[in-house]
Structures are given as structure tokens and as C-alpha cells.
Amino acid sequence: MKEAKSRIWLLSNMKTILIVLVVFGHILPRVSGLGEIRTNLRIFIWMFHMPAFLFVSGFLSKNLEKCREKAVSYRLVPYVVMTCIVVLSRTFLGGKDFHFSLVVPVLTAWYFLVLFWYAMFTPEVVKIRWCFLWAVLLSLGIGVIDGVGDAYAFSKTFAFFPFYLAGYYCKEEHLQKIKSLPKICSLFAFAGAMGIAWWFHTRENVDVVVMFSQKSSYHALGLGDLQGILYRGLGFVGAVLMIFVLIQLCSAKKRPLSYIGDNTLVVYSFHMAFLYLIDWLGLNRNTGFFALQFLQVILFTAVTVFLLSLPIWNRLYLKFLNGICNLFLKKEDSQNS
1 MKEAKSRIWL
11 LSNMKTILIV
21 LVVFGHILPR
31 VSGLGEIRTN
41 LRIFIWMFHM
51 PAFLFVSGFL
61 SKNLEKCREK
71 AVSYRLVPYV
81 VMTCIVVLSR
91 TFLGGKDFHF
101 SLVVPVLTAW
111 YFLVLFWYAM
121 FTPEVVKIRW
131 CFLWAVLLSL
141 GIGVIDGVGD
151 AYAFSKTFAF
161 FPFYLAGYYC
171 KEEHLQKIKS
181 LPKICSLFAF
191 AGAMGIAWWF
201 HTRENVDVVV
211 MFSQKSSYHA
221 LGLGDLQGIL
231 YRGLGFVGAV
241 LMIFVLIQLC
251 SAKKRPLSYI
261 GDNTLVVYSF
271 HMAFLYLIDW
281 LGLNRNTGFF
291 ALQFLQVILF
301 TAVTVFLLSL
311 PIWNRLYLKF
321 LNGICNLFLK
331 KEDSQNS
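Using UniProt numbering, you'd call the opening residue of the sequence shown number 1 and step up by one each time.
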């Protein structure tokens with residue numbers, strides 16, 4: 001199931017930061033007493049963390065034909081398994097009504113479905129002249145169609161595709177070129193991204209976090225077509241700036257926490273179940289002190305990422321997924337997974 005790729009520690013270190021932000025961002029709403037800082041942090045994180053993840057995924061998917069051949073075992077099976085994990089944990093630990101659907105992705109499971117679609121159609125897309133330009137135009141334009149929403153993650157698939165395609169076209173020498181630029185460039189880029197995030201925070205006519213999730217049409221968000229296109233485009237500028245910052249500032253060498261970036265599959269697949277467990281145990285209590293509440297967020301994030309990123313869980317989960325593939329897929333489809 002593990003994808004063959006040359007070892008680029010910069011990408012592992014980027015994935016380490018991004019998976020921490022994923023968990024951190026999902027814990028924030030579960031801890032009360034944080035006031036406006038919770039909203040500000042979520043807007044900033046949601047602006048770039050999944051576009052950056054998809055950029056990295058695109059970079060690691062250079063062999064398009066192999067990705068398409070293995071799309072079911074690498075992407076679709078993990079999507080189904082994660083859906084089961086989230087639905088069961090939400091039902092038995094979160095106290096929610098049981099509802100299972102593969103049509104509308106549940107919570108964070110959409111990521112694997114989006115990668116499945118990319119694996120299937122990217123080999124054809126790259127044959128089109130100026131395909132990146134068309135991808136950007138489609139990303140901005142898809143939001144004007146009311147019928148394209150969360151079903152089959154189609155809205156997310158088209159909206160985020162430019163980042164995946166940019167990752168595919170990006171080469172290691174491009175990363176090195178960015179890292180060779182003066183570090184003050186990162187300061188300006190970060191300031192620009194923060195400015196964009198703050199501007200969105202002042203918008204009272206739209207739920208910015210939902211907008212950055214790219215799962216709804218502009219009309220569903222209460223925006224006009226032109227306004228929605230401008231908002232999405234500006235948000236993408238912020239995402240590009242933060243991807244630049246991550247490339248510049250993340251180490252290109254192996255670091256003590258680099259292993260986390262190589263074990264994001266388990267962290268991403270199970271972290272929602274872990275958070276439901278925290279809720280069920282009643283650990284996220286309101287102490288009445290902002291510092292202690294924020295410390296809870298940091299502590300829960302650290303514990304969740306540390307425990308789920310242990311290499312043994314990744315090995316066991318890959319064996320489990322391989323077993324599922326061998327059980328339900330033909331041998332030629334599941335071998336070498």
C-alpha cells in the first residue's frame with residue numbers, strides 16, 4: 001500500500017506540520033472558552049492546510065499510470081475504511097444517530113475520495129494544452145453551479161485540483177530554488193497570508209471555514225457568483241503564500257519528528273475517532289481559564305499525533321488494508337498494494 005517515492009525529507013517535514021494542523025484544527029471546536037482566537041486560528045488553518053496537503057500528494061504522484069492502476073487499493077479502499085471508522089466512532093462515542101453513506105463523504109474521509117478521482121482523471125488531464133490554466137478556471141467557476149456540492153466530493157475535487165496539479169508539475173529543483181531565496185521572502189509571504197486571513201475574519205456575510213472547505217456552491221454560502229469567485233481566488237492566494245512559506249522554512253534534512261510525516265495515513269484516518277474518545281471520556285473540560293483551555297488543545301493535539309504516528313500502527317494498518325484488498329479485489333488489482 002505504501003507508494004514508492006524517492007526520499008525527500010522536505011516533504012516529510014511539511015506533512016508533519018500539516019497533519020499537526022489537521023488535528024489541531026479539529027480539536028479547536030471541541031474546547032470551549034477560547035473566544036475569537038478559535039475562529040481566527042481555524043480561518044487561518046483552513047485557508048491553506050488541505051491545499052498544501054494536496055500539493056504534496058500531487059508531487060508524490062508523478063507516476064500517473066501507476067497511480068491510476070492502484071487507485072482502488074490506494075485511495076478507494078482507505079476511503080471506505082475511514083468512513084466506517086468515523087461513522088462507528090461518531091455513533092458509539094459521539095452519541096450521534098447511525099448514518100452510513102459513501103455518496104456524501106463523512107467529515108474528513110473526503111480526502112481519499114478526492115485523491116481517487118485525481119488518480120483516475122489526471123493522466124488524461126495532463127494531455128490537454130494549458131491544462132493548469134483550465135484547472136484554475138474550473139476551480140473558480142465550479143462554485144457557480146448549484147448542483148455541484150458535497151456529493152461524491154465533486155465540489156472539493158474540482159476546487160482543490162490546481163494544487164494537486166501544481167504539485168505534480170513541481171520538480172525537486174523547483175523546491176530547491178524556492179529554498180535558496182532569501183528567508184525574508186517567507187516573512188513577507190506569511191504577512192500577506194495573515195493579512196488575507198484577517199480580512200476574511202472581518203467578513204460577516206459568509207462562514208469562512210465552510211467556504212474554505214470548498215464543499216458548497218457560492219449561492220449556498222450566500223454569495224453572488226462574482227463575489228464567490230473573488231473570495232475563492234483570494235483564499236487560494238493565501239494558500240499559495242503559505243505553501244511557499246512551508247517550502248522555504250521546513251528543513252530539507254531528516255529531523256527527529258520527520259517520521260510523523262511518513263505515518264500520516266493512520267493519523268488522518270483515526271484522529272477523528274480519537275477526538276470522539278476524548279469527548280466520550282469528558283477530558284475536554286472548561287476550566288474557566290483561557291491559558292488552561294488553550295493548553296488542553298495543545299496537549300490533546302500532541303498526544304493524538306504522537307500515539308497515532310507510531311510506526312507500528314502504520315505497519316499494522318497497511319497490513320489490514322492489504323488484507324481488505326486481497327479479500328475483495330482480484331489478485332492483479334490488489335498485488336503489490
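Quick reminder that beta carbons are idealized off the backbone N, C-alpha and C, glycines included.
From the options, residue whose alpha carbon lies closest to that of residue i
{"i": "Trp117", "options": "Tyr74, Asn326, His26", "result": "Tyr74"}
{"i": "His294", "options": "Glu36, Ser12, Leu11", "result": "Here residue 294 turns out to be Phe, not His, going by the sequence shown. That would be Glu36, whose Cα lies nearest to the Cα of Phe294."}
{"i": "Lys171", "options": "Met47, Arg30, Ser61", "result": "Ser61"}
{"i": "Tyr152", "options": "Glu173, Ser251, Ile145, Trp110", "result": "Trp110"}
{"i": "Phe158", "options": "Ser186, Gly192, Lys177, Ser216", "result": "Ser216"}
{"i": "Val114", "options": "Phe306, Ser139, Phe161", "result": "Phe161"}
{"i": "Ala302", "options": "Ile260, Gly323, Gln176, Ile312", "result": "Ile260"}
{"i": "Val266", "options": "Asn322, Phe188, Trp198, Asn314", "result": "Asn314"}
{"i": "Ala252", "options": "Val144, Lys177, Ala71, Thr39", "result": "Lys177"}
{"i": "Ser213", "options": "Phe236, Gly192, Gly195", "result": "Phe236"}
{"i": "Phe188", "options": "Val81, Ile19, Gly238", "result": "Gly238"}
Span separating the alpha-carbon of residue i from that of residue j
{"i": "Ser89", "j": "Leu181", "result": "46 Å"}
{"i": "Val86", "j": "Ile27", "result": "15 Å"}
{"i": "Arg285", "j": "Tyr169", "result": "46 Å"}
{"i": "residue 401", "j": "Tyr268", "result": "Residue 401 cannot be examined here, being either before or after the span of the chain that is shown, 1 to 337."}
{"i": "Phe44", "j": "Glu124", "result": "34 Å"}
{"i": "Val206", "j": "Leu246", "result": "28 Å"}
{"i": "Tyr317", "j": "Thr202", "result": "43 Å"}
{"i": "Tyr231", "j": "Lys319", "result": "43 Å"}
{"i": "Val56", "j": "Glu69", "result": "20 Å"}
{"i": "Gly282", "j": "Asp225", "result": "43 Å"}
{"i": "Gly141", "j": "Tyr164", "result": "17 Å"}
{"i": "Leu138", "j": "Lys96", "result": "36 Å"}
{"i": "Arg30", "j": "Val208", "result": "18 Å"}
{"i": "Ile278", "j": "Trp134", "result": "44 Å"}
{"i": "Phe48", "j": "Leu21", "result": "10 Å"}
{"i": "Tyr276", "j": "Leu76", "result": "24 Å"}
{"i": "Glu173", "j": "Val136", "result": "24 Å"}
{"i": "Met50", "j": "Leu10", "result": "17 Å"}
{"i": "Ile312", "j": "Asn326", "result": "21 Å"}
Helix, strand or coil at residue i according to DSSP, with G and I counted as helix
{"i": "Phe200", "result": "helix"}
{"i": "Ala302", "result": "helix"}
{"i": "Lys62", "result": "coil"}
{"i": "Phe326", "result": "Before going further, note that residue 326 is Asn rather than Phe in the sequence given. Correct three-state label for Asn326: helix."}
{"i": "Trp130", "result": "coil"}
{"i": "Lys171", "result": "coil"}
{"i": "Cys67", "result": "helix"}
{"i": "Gln248", "result": "helix"}
{"i": "Pro78", "result": "helix"}
{"i": "Ala220", "result": "coil"}
{"i": "Arg7", "result": "coil"}
{"i": "Arg232", "result": "helix"}
{"i": "Gln296", "result": "helix"}
{"i": "His99", "result": "coil"}
{"i": "Gly141", "result": "helix"}
{"i": "Lys179", "result": "helix"}
{"i": "Trp117", "result": "helix"}
Cβ-based neighbour list, residue i, same chain, cut-off 7 Å, excluding 5 preceding and 5 following
{"i": "Phe274", "result": "Thr304, Leu308"}
{"i": "Val106", "result": "Thr83, Val86, Val87"}
{"i": "Phe270", "result": "Ile85, Leu308"}
{"i": "Gly222", "result": "Asn205, Val206"}
{"i": "Leu175", "result": "Leu10, Ile247"}
Close Cβ partners of residue i (< 8 Å) along its chain, the five nearest in sequence each way excluded
{"i": "Ser310", "result": "The displayed chain sequence assigns Leu, not Ser, to residue 310. Correct list, in chain order: Asn263."}
{"i": "Phe190", "result": "Leu241, Met242, Val245"}
{"i": "Ala220", "result": "Asp146, Gly149"}
{"i": "Ser186", "result": "Phe244, Val245, Gln248, Leu249"}
{"i": "Met14", "result": "Ala52, Val56, Leu246, Ile247, Cys250, Gly261"}
{"i": "Arg42", "result": "Gly25, Leu28, Pro29, Val209"}
{"i": "Gly94", "result": "Tyr276, Asp279, Trp280"}
{"i": "Cys102", "result": "The identity of residue 102 in the sequence shown is Leu, whereas the question assumes Cys. So the list reads Tyr79, Val80, Thr83, once near-sequence residues are dropped."}
{"i": "Ala166", "result": "Phe55, Gly58, Phe132"}
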